[in-house]
Amino acid sequence: MNAQNATRGTVEAYLTYTVDTGVKPVTGTTGADGKLRHRSGEFREHVMTIRDARPRRQALSLDREGFVLVDHATRVRDFYDTHEIESVYYPEVERLVKEQTGAARVLVFDHTLRTGDEATRVEKSLREPVKVVHNDYTEWSGPQRVRDLLPAAEAEALLEHRMAVVQVWRPIRDPVLSSPLAICDARSVRPGDLIAAERHHENRVGEIYQLAFNPAHRWYWFPEMQRNEALMFKCYDSQKDGRARFTAHGSFDDPATPADAPVRESIEVRTLAFWGSA
3 MNAQNATRGT VEAYLTYTVD TGVKPVTGTT GADGKLRHRS GEFREHVMTI RDARPRRQAL
63 SLDREGFVLV DHATRVRDFY DTHEIESVYY PEVERLVKEQ TGAARVLVFD HTLRTGDEAT
123 RVEKSLREPV KVVHNDYTEW SGPQRVRDLL PAAEAEALLE HRMAVVQVWR PIRDPVLSSP
183 LAICDARSVR PGDLIAAERH HENRVGEIYQ LAFNPAHRWY WFPEMQRNEA LMFKCYDSQK
243 DGRARFTAHG SFDDPATPAD APVRESIEVR TLAFWGSA
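Here the sequence shown is numbered in this note's numbering, starting from 3 and rising by one per residue.
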């Protein structure tokens with residue numbers, strides 16, 4: 003079944019939420035085995051209805067739901083070649099985000115490769131799919147990332163205008179049959195559902211949002227994503243005019259996944275999008 007006719011309707015599956023205990027959760031970077039070094043917090047699985055987004059694909063908007071699926075061919079031959087990713091894929095992603103958002107400037111600042119295979123994670127120092135539903139940036143860490151990456155004067159000038167963090171996720175081995183990515187309609191997430199959590203990196207401490215359970219959350223996924231498709235979603239937007247600002251996501255176990263399905267292999271690229279000039 004190819005991506006064009008891989009419609010599934012809905013699936014009932016567990017998503018991993020964070021329990022708001024009043025204590026700020028902490029999550030760490032991954033070690034050589036691709037697993038988190040440490041994590042604190044209380045988590046609980048909830049069965050949620052996850053809807054097939056393919057039938058409504060053309061109606062989706064980055065500024066409304068917070069995510070879109072686009073056809074996007076790439077010239078990258080080997081996604082495990084860091085040089086090829088940086089020299090070929092980064093420019094491709096920058097052009098894509100510019101086209102889809104109308105931003106004046108787009109800067110790719112990092113990428114993450116993930117696989118469900120532990121041996122490959124150890125061999126290639128990759129990360130595992132993340133099941134705790136989350137959003138990669140917060141009200142504080144979105145603009146802070148600009149300050150981390152750019153000279154102070156340039157960063158502050160750019161932050162006087164609209165900016166966003168837009169992520170681009172795609173399979174590097176298709177189709178995705180195991181550990182697919184679920185993504186939440188940004189309109190269904192209330193501010194009180196967002197739990198700020200510390201994110202410890204090798205040389206800095208960042209912040210992400212983890213999600214508290216709310217039965218009103220509307221979850222979607224794109225069955226059997228292909229290598230020539232890219233899922234774009236917004237993890238921060240400085241505009242506070244009602245548009246999508248944070249888009250929660252996380253992997254889940256699809257009960258229809260065949261026992262012999264290949265493990266998921268994917269890449270996500272993070273970009274800063276600017277609508278002003280320094």
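Positions of the beta carbon are idealized from the N, C-alpha and C atoms, including for glycine.
Item, Value
"Per DSSP, what are the beta-bridge partners of Q241 in this structure?", "Answer is none; Q241 lacks a bridge partner."
"A181 by DSSP, collapsed to three states: which one?", "A quick correction: the sequence has Ser, not Ala, at residue 181. Coil, per DSSP."
"Does the distance from the CB of I174 to the CB of I269 come in under 7 Å?", "yes"
"Are at least three pairs of beta-carbons, each pair with one atom in the segment 210-218 and one in the segment 185-194, less than 8 Å apart?", "yes"
"Taking its Cβ as the centre, do 16 or more other Cβ atoms sit within 10 Å of E125, making it buried, or is it exposed?", "Unreliable positioning characterises E125 in this predicted model, as indicated by a pLDDT of 43, which lies under 50. The coordinate reading is nonetheless provided below. Exposed, by the Cβ-count rule."
"Enumerated in chain order, which unbroken segments of the alpha helix (DSSP H) with a length of 4 residues or greater are wholly contained in the segment 26-113?", "92-103"
"Looking at the secondary structure, which residues open and close the alpha helix (DSSP H) in which V265 lies?", "First-last for V265: undefined, no H or E at that position."
"Would you call the CB atoms of I52 and A15 closer than 7 Å?", "yes"
"Across the segment 94-104 and the segment 259-267, are there enough close Cβ pairs to call them in contact, namely three or more that are closer than 8 Å?", "no"
"Pick out whichever of P145, H163 and F235 has its Cα sitting closest to the Cα of W277.", "H163"
"On the CB-based measure, 16 or more other CB atoms within 10 Å of its CB, does W171 come out buried or exposed?", "buried"
"Can you grab the Cα-Cα spacing for the pair F224 / E204, in whole Å?", "33 Å"
"Please name the residue in G43, V21 and Y19 whose C-alpha comes closest to that of E200.", "G43"
"Tell whether a beta-carbon distance below 7 Å holds between H48 and Y91.", "no"
"Give the secondary structure of A246 by DSSP, where H, G and I count as helix, E and B as strand, and everything else as coil.", "coil"
"Can you give me the Cβ contacts of D119 inside the same chain, cut-off strictly under 7 Å, excluding the 5 residues immediately before and after it?", "Its pLDDT being 49, under 50, D119 is placed unreliably by the model, and nothing is read from it."
"Please work out which residues of its chain come closer than 8 Å, Cβ to Cβ, to R206, disregarding the five sequence neighbours upstream and downstream, and give them in chain order.", "D150"
"Would DSSP call G144 helix, strand or coil?", "helix"
"Should Q212 be labelled buried (16 or more other beta-carbon atoms within 10 Å of its own) or exposed?", "buried"
"When you compare only the Cα positions, how much space is there between V271 and T114?", "7 Å"
"Distance, Cα to Cα, D243 vs G194?", "18 Å"
"Give me, in chain order, the residues of the same chain whose beta-carbon lies closer than 6 Å to that of V70; leave out the 5 immediate sequence neighbours on both sides.", "L62, L64 and M234"
"Excluding sequence positions up to five away, which residues of its chain have a Cβ less than 7 Å from the Cβ of T76?", "Y91 and E94"
"I1: which of V135, D255, A154 and A246 sits nearest, CA to CA?", "Outside the shown range of the chain (3 to 280) lies residue 1, about which nothing can therefore be said."
"Please identify the residue among P27, G30 and M50 whose C-alpha is closest to the C-alpha of T12.", "M50"
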